[in-house]
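Here is the structure we will look at.
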Amino acid sequence: MPNRLTLLVLLLIHATYLNAQFVDISDQLPAEYVNISPNLMGGGVGIIDVNADGLEDLYFTGGSGTDALLLNTGRGFEDISVSSQVFGFTSLVHTTGIAVGDINNDGFDDIFLTTNANSENKLLINQGDNTFEDGSGTYQIPLEKVWSMAAAMGDVNRDGLLDIYVGNYIETPKAIIGDDNEIIGFDHICSPNQLLINEGDHFEDISISTQTDDDGCALATAMVDINEDGLTDIYVANDFGAWVTPNKAYLNDGNGAFTESSLSLSLSDSIYAMGISFADLNGDLKKDYYITNLGKNSLRLSTPDQSYQEVAADYGVSNTRVTEFLTTGWGTVFLDIENDGDQDLFVANGFIPSANFIRTTEEDPNKLYQNNSNGGLEDISERAGVDGVGIARGGVKADFNNDGYYDLAIANVKQQINIDGISSKVYLNDYDRANNWVGLVLRGSTSNMNAFGSKAYVYTEETVQYQELSNSGSHGSSSSQRLLFGIPQHEVVDSVVVRWPGGTLSTFYNLDKNNYYELTEGSDVVASLGCGEEFDKQWGCPSAITHLEESIANETPSVVYPNPTQGFLTISQNLHNLQLVDLQGKVLLEWQSVNKGGKLDLTSIHQGMYVLLAISPEGELFTWRIKKD
Numbered sequence: 001m002p003n004r005l006t007l008l009v010l011l012l013i014h015a016t017y018l019n020a021q022f023v024d025i026s027d028q029l030p031a032e033y034v035n036i037s038p039n040l041m042g043g044g045v046g047i048i049d050v051n052a053d054g055l056e057d058l059y060f061t062g063g064s065g066t067d068a069l070l071l072n073t074g075r076g077f078e079d080i081s082v083s084s085q086v087f088g089f090t091s092l093v094h095t096t097g098i099a100v101g102d103i104n105n106d107g108f109d110d111i112f113l114t115t116n117a118n119s120e121n122k123l124l125i126n127q128g129d130n131t132f133e134d135g136s137g138t139y140q141i142p143l144e145k146v147w148s149m150a151a152a153m154g155d156v157n158r159d160g161l162l163d164i165y166v167g168n169y170i171e172t173p174k175a176i177i178g179d180d181n182e183i184i185g186f187d188h189i190c191s192p193n194q195l196l197i198n199e200g201d202h203f204e205d206i207s208i209s210t211q212t213d214d215d216g217c218a219l220a221t222a223m224v225d226i227n228e229d230g231l232t233d234i235y236v237a238n239d240f241g242a243w244v245t246p247n248k249a250y251l252n253d254g255n256g257a258f259t260e261s262s263l264s265l266s267l268s269d270s271i272y273a274m275g276i277s278f279a280d281l282n283g284d285l286k287k288d289y290y291i292t293n294l295g296k297n298s299l300r301l302s303t304p305d306q307s308y309q310e311v312a313a314d315y316g317v318s319n320t321r322v323t324e325f326l327t328t329g330w331g332t333v334f335l336d337i338e339n340d341g342d343q344d345l346f347v348a349n350g351f352i353p354s355a356n357f358i359r360t361t362e363e364d365p366n367k368l369y370q371n372n373s374n375g376g377l378e379d380i381s382e383r384a385g386v387d388g389v390g391i392a393r394g395g396v397k398a399d400f401n402n403d404g405y406y407d408l409a410i411a412n413v414k415q416q417i418n419i420d421g422i423s424s425k426v427y428l429n430d431y432d433r434a435n436n437w438v439g440l441v442l443r444g445s446t447s448n449m450n451a452f453g454s455k456a457y458v459y460t461e462e463t464v465q466y467q468e469l470s471n472s473g474s475h476g477s478s479s480s481q482r483l484l485f486g487i488p489q490h491e492v493v494d495s496v497v498v499r500w501p502g503g504t505l506s507t508f509y510n511l512d513k514n515n516y517y518e519l520t521e522g523s524d525v526v527a528s529l530g531c532g533e534e535f536d537k538q539w540g541c542p543s544a545i546t547h548l549e550e551s552i553a554n555e556t557p558s559v560v561y562p563n564p565t566q567g568f569l570t571i572s573q574n575l576h577n578l579q580l581v582d583l584q585g586k587v588l589l590e591w592q593s594v595n596k597g598g599k600l601d602l603t604s605i606h607q608g609m610y611v612l613l614a615i616s617p618e619g620e621l622f623t624w625r626i627k628k629d
């Protein structure tokens, strides 16, 4: 890609850890940023492209201090908190968490801020000129003053408008005291969560009618398709799970109702849950979930029976203790740090005062686990240079310098303004650029403009990778909306298949390596990022990439349909010697011959990606990639 941005290159020259795989550039930001919180709760961080210029910007919630909006200029970050009106709208508000998305589909992302019980939550509407207006009243954001900790955006009713799920925290604290006058448990009353439906000009709270008003002590929420049926579900990480309410998984039935299914899915962790991240960790084309905790974290791996299995210890990511004391995990994201095609894992750890029976430590470094492709992840935190010890809370991924390698931002907290604390952190990824990649920015048209809920499948000669677009989950934070796929030694991507939130499919062919592509639902126009001569506008470079609607891969789409399928495939021409094989080449099903209009029964196989082989009457060999939903 010509004219690749070199954001903060001078800062890298002067950075301390020149040999680290991530470089701490926090001291080169316009100021120090830290969330001020007497109880050390909060600390959200958000990634937002404020002016839609192709450069990812940064938002830190300030607690009882000041929020900060940092504009990425391509040469560094500029603090526009005052000029953007963010300072004025938040200076008297104790902010905790942030959600980012385009509420009104005008092409500019808006900001939803959660707050403590002294004020109402806030919705800031982006005006498209680097300023915001307070839309809380106009959009009828609930006026209840409750302690909210997290929020997520997604389109639960597929009307093309982003809805908001708000995770609320403790209303009335209550400890259980033992005979020795020590705390032995908790009996808190927590405020119920809220599902706010976007009606275009206002939001309507339907949490009670949909029974999504979970009364656990929520610290993180994710709007994501849990059961892979194409509908946006709601996952809630609850603190004090063993004492109050465990984690919840609300499955969307597509008709306006939700079913709480955490037990049947094995997602009802009864822990001090604080953050959620998700990715296809084991290559089965289904998402797996990592949940942070005070103590042993949870890794829930998808199983063929559409439930999840606890495997944190097997994968080496339990993150349980520092010496004899418990760690405290908060923000977390999956990311491919070196673009080798495997998902790695970042965890923001940070001290929280606790009872003696769950004693924690102030020496609680952040963790970065590298996928070794052999069924485990290795702790490389110190070698990578991200093992700083601060009181970390939110953690997100982003690509601040548009080089195709994910960077990290971490929000830290402290108790008072006049007491020293470690500033929030920004780390630039400085890995050796040995591996190729392709980046996707998805835009909805009939779907929500952010395309939240879309699923992208990237094919090379030997592999297929899968990601769902959602920026929610990490503690009180909103991550990058970009999808990065590592294609280590490939010069080109065979095809990219996007399943949009409304269910339609698009296929894009022959995408060159090391480029970002903006793909728009229902459009043949594809834009590239980073080919402009100036830093002020990075989008808009034309590309010859084309796509076909209603196809799943780069083979003849009309012969086998529907694809993906939930059970049966229809064949539109005579075929012989058909075989369905898995991605390792094992033959699962065979048919001697099928005439035009005949059907193949795939109901006996599990969800996942397969290859169908067949021979035409003329002796031509056909192959199709088949997805079973």
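Each residue of the sequence shown is one higher than the one before, starting from 1 at the first, in our numbering. Using N, Cα and C, we set each Cβ at its ideal position, and we do this for glycine too. Predicted, not measured: the structure shown is a model, and the values here were computed from it.
- The continuous stretches of alpha helix (DSSP H) do not include Asp155, and DSSP gives it neither H nor E.
- Counting along the chain, Ser81 sits inside no alpha helix (DSSP H), nor does DSSP assign it H or E at all.
- Gly137 counts as exposed, since fewer than 16 other beta carbons sit within 10 angstroms of its beta carbon.
- Annotated three-state conformation of Tyr33 is coil, per DSSP.
- Rounded to the nearest whole angstrom, the C-alpha separation of Ser506 and Glu228 is 18 Å.
- Taking 9 Å as the cut-off, the beta carbon of Tyr290 is found closer than this to the beta carbon of Ala312.
- In the three-state DSSP reduction, Ala175 falls in the strand class (E or B).
- Here Leu196 really is in contact with Val166; their C-beta atoms are around 7 Å apart, less than 8 Å.
- Residue pairing by DSSP places Tyr289 opposite Phe278 and Arg300 in a beta bridge.
- With 16 or more other Cβ atoms inside 10 Å of its own Cβ, Pro365 counts as buried.
- In this chain, the beta strand (DSSP E) harbouring Phe112 covers Asp110 to Thr115.
- Rounded to the nearest angstrom, the Cβ distance from Ile25 to Leu428 is 6 Å, consistent with a contact under 8 Å.
- The DSSP assignment places complete beta strand (DSSP E) segments of no fewer than 3 residues inside the stretch 371-433 at 377-379, 392-398, 407-414 and 425-429, in order along the chain.
- Residue environment analysis places Ser191 among the buried positions, since at least 16 neighbouring C-beta atoms fall within 10 angstroms of its C-beta.
- The DSSP-derived three-state label of Gln489 is coil.
- In this chain, Leu511 is not harboured by any alpha helix (DSSP H); it is covered by the beta strand (DSSP E) spanning Leu505 to Asp512.
- In the three-state DSSP reduction, Val146 falls in the coil class, being neither helix nor strand.
- Assigned with DSSP and collapsed to three states, Gly101 falls in strand.
- Less than 9 Å separates the beta-carbon of Lys455 from that of Arg499.
- Only buried fits Asp233, as 16 or more other CB atoms lie within 10 angstroms of its CB.
- In the DSSP annotation of this structure, the continuous segment of the beta strand (DSSP E) that includes Gly46 starts and ends at Val45 to Ile48.
- Apart from sequence neighbours up to five positions away, the residues of its chain that approach Ala242 with a beta-carbon distance below 6 Å are Ser270, ordered along the chain.
- In terms of Cβ geometry, Gly44 and Arg393 form a close pair [threshold 9 Å].
- Distance check between Asp110 and each of Ile276, Asp163, Leu231 and Pro142 places Asp163 closest, using alpha-carbon atoms only.
- For a cut-off of 8 Å, the C-beta gap from Ala99 to Met153 is around 5 Å, short enough to register as a contact.
- Taking a C-beta distance under 9 Å as the contact criterion, Thr603 and Leu612 do not qualify as a contact pair.
- The beta carbon of Thr131 lies closer than 6 Å to those of Ser84 and Gln85 in the same chain, with the five residues before and after it left out.
- Between Lys586 and Lys627, the alpha-carbon positions lie close to 16 Å from each other.
- Partner residues in the beta bridge of Glu468, as assigned by DSSP, are Lys455.
- In this structure, Asn247 lies near Gly216, with their beta-carbon atoms less than 9 Å apart.
- Secondary-structure assignment with DSSP links Asn227 through no beta bridge to anything.
- The alpha carbon of Pro501 has as its nearest neighbour, out of Gln127, Phe112, Leu231 and Ile206, the alpha carbon of Leu231.
- Under a 10 Å Cβ-count criterion, Thr323 is classified as exposed, with fewer than 16 other Cβ atoms of the shown protein chains found around its own Cβ.
- Here Thr360 is not near Asn319, since their CB atoms are 9 Å or more apart.
- Annotation: Tyr59 to Ala151 spans about 15 Å, alpha carbon to alpha carbon.
- Going by DSSP, Ala313 is part of the alpha helix (DSSP H) stretching over Ala312 to Tyr315.
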